[in-house]
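To keep things clear, I will list the structure first and then write my remarks on it.
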Amino acid sequence: MAKLLYSATMSLDGFIAGPGGDMSWLTEHIGPNPAVDRLIGEIGAILCGKRSYGGDDPHRGDPHREGKAFGGGWEGPQFVLTHHVPETPDPAVTFVGDLDSAVTAAKAAAGGKYVNIIGADVARQCLAAGLLDEIFVSIAPVLLGDGVRLFDHPGGTNVKLERLDLAEAPRATTLRLRVG
128 MAKLLYSATM SLDGFIAGPG GDMSWLTEHI GPNPAVDRLI GEIGAILCGK RSYGGDDPHR
188 GDPHREGKAF GGGWEGPQFV LTHHVPETPD PAVTFVGDLD SAVTAAKAAA GGKYVNIIGA
248 DVARQCLAAG LLDEIFVSIA PVLLGDGVRL FDHPGGTNVK LERLDLAEAP RATTLRLRVG
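Take 128 as the starting number for the sequence shown in this note's numbering and just add one per residue.
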């Protein structure tokens, strides 16, 4: 059975995107990372939110990598959770209107591999629904000071995590954690 895994690269101060969803900060921190390479091979489907799907791209300007999952390192079924399907939908993407249907469809398409969650809001929704199994986060050596947090829960919460792996790479430290 497919599991849900939230993956992101974040700044040391906890942001996965800069102000306004800016992802340009990430470009200099993308590089060889064996843990990320292994993860890519474990992904069977991607589930993201509309903001992540249509948002800024750290590979902007690179015709071979821009707009592609993991900069073109991964291909497969992609699902976008949204209440507003574009008038001209992308034929390579399935747009889904509610979390349960999106998770069900993505798990079925993943073929027993991971459903990779991209986007803080979708990950927060999956966590709140008790659906999130793991978190994979690469910590980049940079402080952004503002932007979109890896996890934001106004009023606070206490989510227990168990470390599964810790890996060092030239441009990031990667943690893999089990939820609950």
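Every residue gets a Cβ at the ideal spot worked out from N, C-alpha and C, and that includes glycine.
Keep in mind it's a predicted model, so treat the numbers as computed, not measured.
According to the DSSP secondary-structure assignment, M137 is paired through a beta bridge with I266. Taking T284 as the centre and dropping the five residues before and after it, the same chain places no C-beta closer than 6 Å to its C-beta. DSSP, reduced to helix, strand and coil, places V212 outside both helices and strands of the structure shown, so it counts as coil. It is roughly 31 Å from the alpha-carbon of A232 to the alpha-carbon of T154.
Cβ atoms of I170 and K240 come within 8 Å of each other, at about 6 Å. I167 carries a helical assignment under DSSP once its states are collapsed to helix, strand and coil. L226 sits in a helix when the DSSP states are folded into three classes. Shown here for A129: same chain residues with a beta carbon closer than 7 Å to its own, the five before and five after excluded, namely G171, K234, A237, G239, K240, Y241 and V242 in chain order. Per the DSSP secondary-structure output, G283 pairs with nothing in a beta bridge.
In this structure the segment 207-215 does not lie against the segment 272-280, because fewer than three pairs of beta carbons, one per stretch, are closer than 8 Å. Residues A162 and T301 of the same chain have their beta carbon placed closer than 6 Å to that of A294, with the five preceding and five following residues left out of the count.
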